[in-house]
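Protein chains: 2
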Amino acid sequence: MALKVIIVGGVAGGASAAARLRRLDENAEIVLLERGPDVSFANCGLPYHIAGEIRDRDELAVQTAEGLRTRMRLDVRTLHEATGVDAARRVVRVKDLSTGREFEEGYDALILSPGAAPVVPPIAGMDLPGVHTLRTLADMDRIKARVDAKAAGRALVLGGGFIGLEMAEALRRRGWDVLLAERGSQLLAPADPEMAVLLARELALHGVEVALGAALTAVRPDRGRLAAEFGTRVELVDLVLVAVGVRPETALARSAGLALGPGGGILVDGSQRTSDPHIYAVGDAVEVRDPITGRSGPVALAGPANRQGRAAADAIVGRPTAYPGTLGTAIVRVFGLVFGLTGASEHALKAAGRAYTRAYLHPNQHAGYYPGAVPMAIKLLFDPGDGRILGVQVAGSEGVDKRLDVFATALRAGWTVRDLEGLELSYAPPFGSAKDPVNMAGFVAANILDHVVESAGPEEAEGPREGRLLLDVRTPEEFAAGAVPGAVNIPVDELRGRLGEIPADKEVLVYCRVGHRGYLACRVLSQAGFRARNLGGGWLTYQAWKQARAMAEGGTPARPTLAPR
Amino acid sequence: MALKVIIVGGVAGGASAAARLRRLDENAEIVLLERGPDVSFANCGLPYHIAGEIRDRDELAVQTAEGLRTRMRLDVRTLHEATGVDAARRVVRVKDLSTGREFEEGYDALILSPGAAPVVPPIAGMDLPGVHTLRTLADMDRIKARVDAKAAGRALVLGGGFIGLEMAEALRRRGWDVLLAERGSQLLAPADPEMAVLLARELALHGVEVALGAALTAVRPDRGRLAAEFGTRVELVDLVLVAVGVRPETALARSAGLALGPGGGILVDGSQRTSDPHIYAVGDAVEVRDPITGRSGPVALAGPANRQGRAAADAIVGRPTAYPGTLGTAIVRVFGLVFGLTGASEHALKAAGRAYTRAYLHPNQHAGYYPGAVPMAIKLLFDPGDGRILGVQVAGSEGVDKRLDVFATALRAGWTVRDLEGLELSYAPPFGSAKDPVNMAGFVAANILDHVVESAGPEEAEGPREGRLLLDVRTPEEFAAGAVPGAVNIPVDELRGRLGEIPADKEVLVYCRVGHRGYLACRVLSQAGFRARNLGGGWLTYQAWKQARAMAEGGTPARPTLAPR
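Each protein sequence line maps, in turn, to chains A and B.
To convert, note that position 222 of the first sequence is 222 in the working numbering; the numbers rise steadily by one, no gaps.
Plus 1000 on top of the position in the second sequence (first one is 1) and you've got the working numbering.
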């Protein structure tokens, strides 16, 4: 008899599982239950349609129900909600939302791909018209209708995560004023503050107001608008987008008696099998293990969801499969800035009690002699013992996605920073350099690992410290344009002739603009008998760190007088 | 006493070695001998200055001699030629080209970075004014002066390698007519013909005439122009660029009695040490081992040269180093097409007697629903037993360099195609897809490896074959617009209902446009008991293969009626 598989949830993970299953088993009976009206729509594209970048709404339908029926011979049932699972009898209780009819459907294997629901904080006014979340096409349509109807409104975007950032840009592109309010002390929580501040700068440059440490306490109607209260501060807006995170949809899993993990997601093994051997789960609702920190929790990303769907299908037909964990590789474009990250952040490593070392650098995306070269900022975290890569954050206007993906591949390979040094990447002037930014990151990190140079973090440059000389080795012109308070200036090219000016009994903390001249200076100094350390990422990283701290303490991002990138 | 190191050759490898050595040893005496007037110039940028893309010639000076003296305290001597090495006495004979003075310079360690010289075929007229090679800034200046002086000339570019391709574009951009003549049967010899033909198409689309199998027999002056003779065919041109390859400069190595390798380059070990323990060699002149085919020979690439220079410096100061071999990762932009490759080609694997399997695919560079999605062509070669990646070629207008670098990283990691399936790459609509092209390549290849589908190469689609049905599963509209001769059309969405039309005793060779619908059809067919195989890369790869064959047989690339990408 043909295998009968029910799949609950027809987006990303569920749709992938269904398609793979059909390809592997032409005879299986595959029932795809989707509560909403759409299957396999481009969730990640929603902000871009609101922005007007994706003009045709139909583009967002990656697959239609009809297409899946015809090509994949799937029994697709939209507007059908799975309301419960009787795991012992292997049946799903289903409600047809268009007729109200309820019935049971039996299965040999069940795949749960219920996704995650937007978190809505328990405060007054969240149910008002004009307060939105963004998860479905219907959500998108409501927001877009609102924006289409008003030429220049003002929006409050609550939450500085991926959706909040993309929506801040989308609404600004539509000519709206935007206040992006984040409860935490930085944007993009998976990143570190001195990197995430680059996003705040970019938003500020494009006229988005950013408020950190801003906790919404209530929303109420106010003369046709919405009054958003942050304690005593009130902001009048025309639209509120709540984008403070998502929570795995586990009602069905709980009805089936499935085990949940410490992060509140459905527990699965390496083949996506839950605690019930006939039930699999994939996507935003499942718990994944972070291979770096060992932490377990749900991660809402489309790529992993797709891969898990495929793995579940493979497992059901008995093919070997092993999901390798989720590194959390993610990327976001905010106006002209691209920000990406993979693996663990510094604060995640700290929280996990994992030792780490940092390398910062600002290499150009391609050969400096080819027109249009622009720097990117890279933060590389690695094991101080063996140099193993633990996490990477990259930000810049061009070439960021490429380096991020190479780092993500290296991270998956379990490489050390030494492996990055010798990596052979493509080079022609429009695309890279003979020493690619990835190689450069390897060089910088390996030099730290091998104690060719001792490195210091941006937080160490602050304040006068007893027994320390702060040495700026940039040119006098650069120094005059702005320097770390208390620093003295000896340009690197003059350093060898001016060693006598440096007190032998002090530690020398050296910095330049990005860290390279500082490194050269440290080599000169340490070989001349001085104790010298190099400020990682130089003046640029120090400035970012300082600005991040100021913002966390309630300041707004200054419009930088120097180009931020 | 301070270590004394002489470095011969001040570009890429030599300059990298010198800078690294200084950073590692502040006290070493480092003499950098450079025969030419410039050190550390951007060799790879020369065509872009001729093209006018890099407007300022000074941009090409990555480092100046003066800069290296000041910052790195190097004893830089330009216009100084090393004329011989007495390895027993550890001295280099040097000639100061500006004064004619000759002298000896002793060393503790010697690094040879002599580079490679353009090959000039032994035919008449190669010494005529107007016949050029392109290796140095002086070469570039001569060519540029010629192009600057004549608004619309005609150039013969001899050789379809990287420099030939870049110069064909550069000269065309300057308004010249260009004939690109290649002696072999395809452009870009390290690639395979059905991929390299995409370059020929792009050149043709931009008005460059491409001739394959065209062996220049003589050049002679002809009424103020140059007559380039290809046997009986004569082409009148205003400039000839000879770009048929380079030959390692080994005169100095031979004078030192160093061992050369089978490919004519200087033999070195993993720390760049030659057969003489005090002499190291780096860059285009050394022999490197191809980790895939095991073949040894010189490879002229800037990235490896830089890495080798660094490794030699590390070795000289006693730091552990191990050069991992050269995969030959390379990329070229030709008008709107980007073409990259890493690892071995199909013909290199054939020549090495290495078993391989092919996967072809044409994924979009980013989400199809985001504006501007364009497909790229990927050819992935892998081991038919364990799936190990052996080589990759990628061509397209966008996102090519990123995928190439990820493939190069995977290749270096020794991964199999299965590792590509689960790789977690960054996804946001402007940058990729939930299933990135790299993942897709893994899916396609793993399905072949696991016999989920049997694959056929484009050459197998030709001609009517006994006992075989050629089945086109595209739409009737696509079929009508052009199909493989002899094919019958059953659209994939109708296939399940029309299985009765397919003879049970024949093998079915299935194809669609890019291979995906063909794969689905094969799954339907094979599970219904038919023997089915899928044409890898579908109609697009078949067309490319057919065009490559036609060109190799003397045809010119047709201007494609369908958009080639």
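Idealized CB from N, CA, C, for every residue including glycine.
Just so we're clear, the structure is a prediction, and the values are computed from it rather than from any experiment.
Inset, instruction - Please go through the same chain and pick out, in chain order, the residues whose beta-carbon is closer than 6 Å to the beta-carbon of B:Arg1093, but skip the five residues on each side of it. - result: Here residue 1093 of chain B corresponds to residue number 93 of the second sequence, with the count starting at 1. The residues are Thr1083, Gly1084 and Glu1104.
Inset, instruction - Quick one: measure Cβ to Cβ for B:Gly1340 and B:Ala1330, integer angstroms, because I've assumed they're closer than 8 Å. - result: As a working note, residue 1340 of chain B is residue 340 in the second sequence. As a working note, residue 1330 of chain B is residue 330 in the second sequence. Their Cβ separation, rounded to whole angstroms, is 7 Å, which keeps B:Gly1340 and B:Ala1330 in contact under 8 Å.
Legend entry - chain B contacts made by the stretch 411-430 of chain A, where a contact means CB separation under 8 Å: Arg412, Ala413, Trp415, Asp419, Glu421, Gly422, Leu423, Glu424, Leu425, Ser426, Tyr427, Ala428, Pro429 and Pro430
Inset, instruction - Could you tell me which residues DSSP pairs with B:Lys1004 in its beta bridges? - result: Locating residue 1004 of chain B in the second sequence gives position 4, counting from the first residue. The partner list for B:Lys1004 (beta bridge, DSSP) reads B:Glu1029.
Legend entry - Three-way DSSP call (helix, strand, coil) for B:Ala1155 in this model: Translated into positions along the second sequence, residue 1155 of chain B becomes position 155. Three-state result, B:Ala1155: strand.
Inset, instruction - Report yes if the CB atom of A:Pro384 is closer than 8 Å to the CB atom of A:Met376, and no otherwise. - result: Taking the first residue of the first sequence as position 1, residue 384 of chain A is located at position 384. Taking the first residue of the first sequence as position 1, residue 376 of chain A is located at position 376. Their beta carbons are not under 8 Å apart, which means A:Pro384 does not touch A:Met376 by this criterion.
Legend entry - Proximal residues to A:Arg559 (C-beta, below 7 Å), its chain only, five neighbours per side dropped: Counted from its first residue, the first sequence places residue 559 of chain A at position 559. Reliability of the predicted coordinates at A:Arg559 is poor, the pLDDT of 42 falling under 50, and the value obtained from them is presented with this limitation in mind. Here the set comprises Ala204 and Leu205.
Legend entry - Rounded separation between B:Ala1285 and A:Lys506 - CA only: On the second sequence, position 285 is the one that residue 1285 of chain B refers to. On the first sequence, position 506 is the one that residue 506 of chain A refers to. Cα-Cα distance, rounded: 47 Å.
Inset, instruction - Would you kindly check if the distance between the Cβ of A:Leu68 and the Cβ of A:Ala42 is under 8 Å? - result: On the first sequence, position 42 is the one that residue 42 of chain A refers to. On the first sequence, position 68 is the one that residue 68 of chain A refers to. No, Cβ-Cβ distance for A:Ala42 and A:Leu68 is not below 8 Å.
Legend entry - Nearest-angstrom beta carbon gap, B:Val1288 and B:Thr1321 [assumed within contact, 8 Å]: For the purposes of this step, residue 1321 of chain B is identified with residue 321 of the second sequence, where counting begins at 1. For the purposes of this step, residue 1288 of chain B is identified with residue 288 of the second sequence, where counting begins at 1. 15 Å between Cβ atoms; not a contact.
Legend entry - Alpha carbon of A:Gly164 to alpha carbon of A:His49, nearest angstrom: Walking along the first sequence from the start, residue 164 of chain A turns up at place 164. Walking along the first sequence from the start, residue 49 of chain A turns up at place 49. Each residue's alpha carbon lies about 15 Å from the other.
Legend entry - Under the three-state DSSP convention, the category B:Leu1402 falls into: As a first step, residue 1402 of chain B is located in the second sequence; it is residue number 402 there, counting from the start. Reading off the sequence shown, one finds Lys at residue 1402 of chain B, where the question assumed Leu. Three-state result, B:Lys1402: helix.
Legend entry - Helix, strand or coil at B:Glu1229 [DSSP, three-state]: One-based indexing of the second sequence puts residue 1229 of chain B at position 229. Reduced to three states, the DSSP call for B:Glu1229 is strand.
Inset, instruction - Anything in chain B within Cβ reach of A:Gln527, meaning under 8 Å, just list it in chain order. - result: Here residue 527 of chain A refers to the residue found at position 527 when the first sequence is read from its first residue. Residues of chain B passing the Cβ test: Asp1025, Glu1026 and Asn1027.
Legend entry - Partners in chain A for B:Val1492, counting only beta-carbon separations shorter than 7 Å: Taking the second sequence and counting its residues from 1, the one referred to as residue 1492 of chain B is at position 492. Within chain A, the residues near B:Val1492 are Arg71.
Inset, instruction - Pick out the complete beta strand (DSSP E) segments inside the stretch 1234-1285 of chain B, 3 residues or longer, and give them in chain order. - result: 1239-1242, 1246-1248 and 1279-1281
Legend entry - Residues of its chain near A:Arg35, where Cβ-Cβ distance is below 6 Å and the 5 sequence neighbours each way are ignored: For the purposes of this step, residue 35 of chain A is taken as the residue at position 35 of the first sequence. Closer than 6 Å at the Cβ level, and outside the excluded window around A:Arg35, lie Glu81.
Inset, instruction - Report buried or exposed for B:Ile1123, applying the criterion of at least 16 other Cβ atoms within 10 angstroms of its Cβ. - result: Locating residue 1123 of chain B in the second sequence gives position 123, where the first residue counts as 1. With fewer than 16 Cβ atoms within 10 Å of its Cβ, B:Ile1123 is classed as exposed.
Legend entry - Nearest-angstrom beta carbon gap, A:Asp238 and A:Arg154 [assumed within contact, 8 Å]: The sequence position of residue 154 of chain A within the first sequence is 154, counting from 1. The sequence position of residue 238 of chain A within the first sequence is 238, counting from 1. Confirmed, about 6 Å.
Inset, instruction - Could you tell me if A:Pro190 is buried or exposed, where buried requires 16 or more neighbouring beta carbons within 10 angstroms of its beta carbon? - result: Taking the first sequence and counting its residues from 1, one reaches residue 190 of chain A at position 190. A:Pro190 is buried by the Cβ-count criterion.
Inset, instruction - Step through the CB atoms of chain B and report whether any lies within less than 8 Å of the CB of A:Ala434. - result: As a position in the first sequence, residue 434 of chain A is number 434, starting the count at 1. Yes, A:Ala434 lies at the interface with chain B (some Cβ there is under 8 Å from its Cβ).
Legend entry - C-alpha distance - A:Val392 paired with A:Ala408, whole-angstrom precision: As a position in the first sequence, residue 392 of chain A is number 392, starting the count at 1. As a position in the first sequence, residue 408 of chain A is number 408, starting the count at 1. Cα-Cα distance, rounded: 8 Å.
Inset, instruction - Determine which residues of the stretch 299-311 of chain A have a Cβ less than 7 Å from any Cβ of chain B, and write them out in chain order. - result: Ala302, Gly303, Pro304, Asn306 and Arg307
Inset, instruction - Assign B:His1451 to buried or exposed, taking buried as 16 or more other Cβ atoms, counted over all protein chains shown, within 10 Å of its Cβ. - result: The residue labelled residue 1451 of chain B in the question sits at position 451 within the second sequence. By the 10 Å Cβ count, B:His1451 comes out exposed.
Legend entry - Candidates A:Glu553, A:Thr475 and A:Gly309: closest to A:Val5 by CA position: Residue numbering aside, residue 5 of chain A sits at position 5 when the first sequence is read from its first letter. Residue A:Gly309 is the option with its Cα nearest to A:Val5.
Legend entry - Residue span of the beta strand (DSSP E) that contains A:Glu209, given as start and end: In the first sequence, residue 209 of chain A corresponds to position 209, counting from 1. Note, A:Glu209: beta strand (DSSP E), Glu209 to Ala211.
Legend entry - Neighbour list for B:Leu1327 in chain A, Cβ cutoff strictly below 7 Å: On the second sequence, position 327 is the one that residue 1327 of chain B refers to. Those within 7 Å of B:Leu1327 in chain A are Glu424.
Inset, instruction - Taking only beta carbons into account, state which residues of the stretch 383-412 of chain A come closer than 7 Å to chain B, listed in chain order. - result: Asp401, Lys402, Leu404, Asp405, Val406, Ala408, Thr409, Ala410 and Arg412
Inset, instruction - Please report how far the alpha carbon of A:Pro121 lies from the alpha carbon of A:Arg247, in whole angstroms. - result: Looking up residue 121 of chain A in the first sequence gives position 121. Looking up residue 247 of chain A in the first sequence gives position 247. Taking the straight line from one Cα to the other gives about 12 Å.
Legend entry - Test: A:Cys512 CB closer than 8 Å to a CB of chain B: On the first sequence, residue 512 of chain A is found 512 positions in, with the first residue counted as 1. It does not; no Cβ of chain B falls within 8 Å.
Inset, instruction - Could you spell out where the beta strand (DSSP E) holding A:Val94 opens and where it closes? - result: Counting from 1 along the first sequence, the entry for residue 94 of chain A is found at position 94. Looking at the DSSP string, the run of the beta strand (DSSP E) that includes A:Val94 is Val91 to Asp96.
Legend entry - Continuous beta strand (DSSP E) stretch holding A:Phe479: start and end: Taking the first residue of the first sequence as 1, we reach residue 479 of chain A at position 479. That residue, A:Phe479, is in no beta strand (DSSP E); its alpha helix (DSSP H) goes Pro476 to Ala480.
Inset, instruction - Give the DSSP bridge partners of B:Tyr1360, in chain order. - result: By 1-based counting over the second sequence, the position of residue 1360 of chain B is 360. DSSP lists B:Lys1379 as partners of B:Tyr1360.
Legend entry - Delimiting residues of the alpha helix (DSSP H) encompassing B:Val1524: Taking the first residue of the second sequence as 1, we reach residue 1524 of chain B at position 524. Where B:Val1524 is concerned, the enclosing alpha helix (DSSP H) stretches over His1516 to Gln1527.
Inset, instruction - For B:Arg1523, return the contacting residues in chain A, with the cut-off set at a CB-CB distance below 7 Å. - result: Here residue 1523 of chain B refers to the residue found at position 523 when the second sequence is read from its first residue. Simply Arg23 and Glu26.
Inset, instruction - Apply the 10 Å Cβ neighbour rule to A:Thr232 and answer buried if 16 or more other Cβ atoms are within range, or exposed otherwise. - result: Stepping through the first sequence from its first residue, residue 232 of chain A is reached at position 232. The residue is exposed, with fewer than 16 neighbouring Cβ atoms inside 10 Å.
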